[in-house]
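**Q**
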Amino acid sequence: MNNLLERAAAGDIRAIGRLISLVEAESSSSKDIMKTIYPKSGRAHVIGITGSPGAGKSTFVNRLIAQFLAEGKRVGVIAIDPSSPFTGGAILGDRLRMQDHALEEEVFIRSMGSRGNLGGVSRSTHEGALILDACGYDVVIVETVGVGQSEVDIVKIADTVCLILTPGMGDDVQIMKAGIMEIADIFVVNKADREGADKVAADVQVMLKMLGEREWVPPVVLVSSQKNTGVDQAKEVINKHSAYLAESAEGRRRRWSQLEMEVEAILRGEISSIVEKEWKERRNDGLMEDLSARKCDPYTLSGEIIQKIIK
1 MNNLLERAAA
11 GDIRAIGRLI
21 SLVEAESSSS
31 KDIMKTIYPK
41 SGRAHVIGIT
51 GSPGAGKSTF
61 VNRLIAQFLA
71 EGKRVGVIAI
81 DPSSPFTGGA
91 ILGDRLRMQD
101 HALEEEVFIR
111 SMGSRGNLGG
121 VSRSTHEGAL
131 ILDACGYDVV
141 IVETVGVGQS
151 EVDIVKIADT
161 VCLILTPGMG
171 DDVQIMKAGI
181 MEIADIFVVN
191 KADREGADKV
201 AADVQVMLKM
211 LGEREWVPPV
221 VLVSSQKNTG
231 VDQAKEVINK
241 HSAYLAESAE
251 GRRRRWSQLE
261 MEVEAILRGE
271 ISSIVEKEWK
281 ERRNDGLMED
291 LSARKCDPYT
301 LSGEIIQKII
311 K
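Residues in the sequence shown are numbered consecutively from 1, following the UniProt record's numbering.
Here's what the structure looks like:
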């Protein structure tokens, strides 16, 4: 394991991929890996790319990678694809759209399955981002699965959240719904060469005014990923937001909030594992018969299990 960690820290792509695989599979060594990795993280700018399916997130990320490479930065990408209902793995559709950079030495692209997580990311997504951060990647881009209104968990990971919108998909209505408008630091109107792009941008501006005064007012950038226009402007705005976070009280508040959510997520996972183990040990045919016959109730049973764990 020490050899694997050393190789990963030196930039060995295979070693980095192996570490992420071990963590994603929740192997027996995953906790030790993260304990070793964590002190070396905290330097990368983590960018969340979110939005509805078909908004062009992967094509935008492909163009954005080129922009950061031009700045001499190393770029790590975690593309969250819908989990296969048969294998549980990622279908790899997003990765196919980033083949332009698949062989670049300064780029690491990894697909992960959403594992049915409705927030658009899974626990291992955050751990994968930390590994890339600790292994020297300056920018880590996390492209979420694209599940629409429930896709807000990206704020637990990303420093900067880009919400991708497109004309003709009803996005101007969707972003008004709870959670979506608030998570965006930057609005990117993709496919700007299409009719209606200006209207989407104008609608966003109106809705931003409705939210009231904010220290950081999310910019709205018109982009055509297909024609590679406006992506440079989007990159500049992303860099400005990174600088804003580094210098502002809001940046500190966000970092602390993310750390708090990170600890809570680990606690929930640990407690859930303990409860599940205790329930499996107690569950038997006789108990299930008693529950079915209403001779005992799940509330009392759950309380007994909790009391045993606490003791």
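The beta carbon of each residue, even a glycine, is placed where N, CA and C say it ideally should be. A quick note: this is a predicted structure, and the numbers were derived from the prediction, not measured.
Threshold first: 3 residues or longer. Then list the beta strand (DSSP E) segments lying entirely within the segment 159 to 241, N to C.
**A** 160 to 165, 186 to 189 and 220 to 222
**Q** Following the continuous beta strand (DSSP E) through Val152, name the residue where it begins and the one where it ends.
**A** In the sequence shown, the residue the question calls residue 152 occupies position 152. Element bounds for Val152: n/a, residue is neither H nor E.
**Q** State yes or no: is the C-beta of Thr160 within less than 8 angstroms of the C-beta of Ile238?
**A** Locating residue 160 in the sequence shown gives position 160, where the first residue counts as 1. Locating residue 238 in the sequence shown gives position 238, where the first residue counts as 1. In this structure, Ile238 lies closer than 8 angstroms to Thr160 by Cβ.
**Q** Could you tell me the distance, in whole angstroms, from the CA atom of Cys135 to the CA atom of Gly11?
**A** Against the sequence shown, residue 135 aligns to sequence position 135. Against the sequence shown, residue 11 aligns to sequence position 11. Looking at the two C-alpha atoms, the distance is approximately 6 angstroms.
**Q** Whole angstroms are fine: how far does the CA of Ile180 sit from the CA of Glu71?
**A** As a position in the sequence shown, residue 71 is number 71, starting the count at 1. As a position in the sequence shown, residue 180 is number 180, starting the count at 1. The straight-line gap from Cα to Cα measures roughly 31 angstroms.
**Q** Name the two residues that bound the continuous alpha helix (DSSP H) containing Glu133.
**A** Locating residue 133 in the sequence shown gives position 133, where the first residue counts as 1. Reading off the sequence, residue 133 comes out as Asp, not Glu. Asp133 -> alpha helix (DSSP H) spans Arg123 to Ala134.
**Q** Where do the ends of the alpha helix (DSSP H) carrying Ser29 lie?
**A** The residue you call residue 29 lines up with position 29 of the sequence shown. Looking at the DSSP string, Ser29 is not in any alpha helix (DSSP H), and its letter there is neither H nor E.
**Q** Quick check: the segment 45 to 52 against the segment 207 to 224, are at least 3 beta-carbon pairs closer than 8 angstroms?
**A** no
**Q** Going by alpha carbons, who is nearest to Ile271 out of Leu19, Ile309, Met1 and Val231?
**A** Here residue 271 is taken as the residue at index 271 of the sequence shown, counted from 1. Considering only Leu19, Ile309, Met1 and Val231, the residue with the shortest C-alpha distance to Ile271 is Ile309.
**Q** Looking only at C-alpha atoms, which of Lys311, Ala184 and Thr229 sits nearest to Ala192?
**A** Along the sequence shown, read from residue 1 onward, the residue named residue 192 stands at position 192. Ranking Lys311, Ala184 and Thr229 by Cα distance to Ala192 puts Thr229 first.
**Q** Give the secondary structure of Met1 by DSSP, where H, G and I count as helix, E and B as strand, and everything else as coil.
**A** On the sequence shown, position 1 is the one that residue 1 refers to. If DSSP states are grouped into helix, strand and coil, Met1 belongs with coil.
**Q** Less than 7 angstroms between the CB of Val231 and some heavy atom of the ligand FMN, yes or no?
**A** Ligands displayed in this structure: none; no statement on the ligand FMN is therefore possible.
**Q** Whole angstroms are fine: how far does the CA of Arg252 sit from the CA of Leu245?
**A** For the purposes of this step, residue 245 is taken as residue 245 along the sequence shown, with counting starting at 1. For the purposes of this step, residue 252 is taken as residue 252 along the sequence shown, with counting starting at 1. Taking the straight line joining both Cα atoms gives about 7 angstroms.
**Q** Give, in chain order, every unbroken run of the alpha helix (DSSP H) that is at least 4 residues long and sits entirely within the segment 247 to 297.
**A** 249 to 282 and 285 to 292, all fully within the segment 247 to 297.
**Q** Run through DSSP, which three-state label would Pro85 get?
**A** Position 85 of the sequence shown, counted from the start, is the residue given in the question as residue 85. Low confidence applies here, because Pro85 scores a pLDDT of 45, under 50, leaving its location unreliable and the question unanswered by this model.
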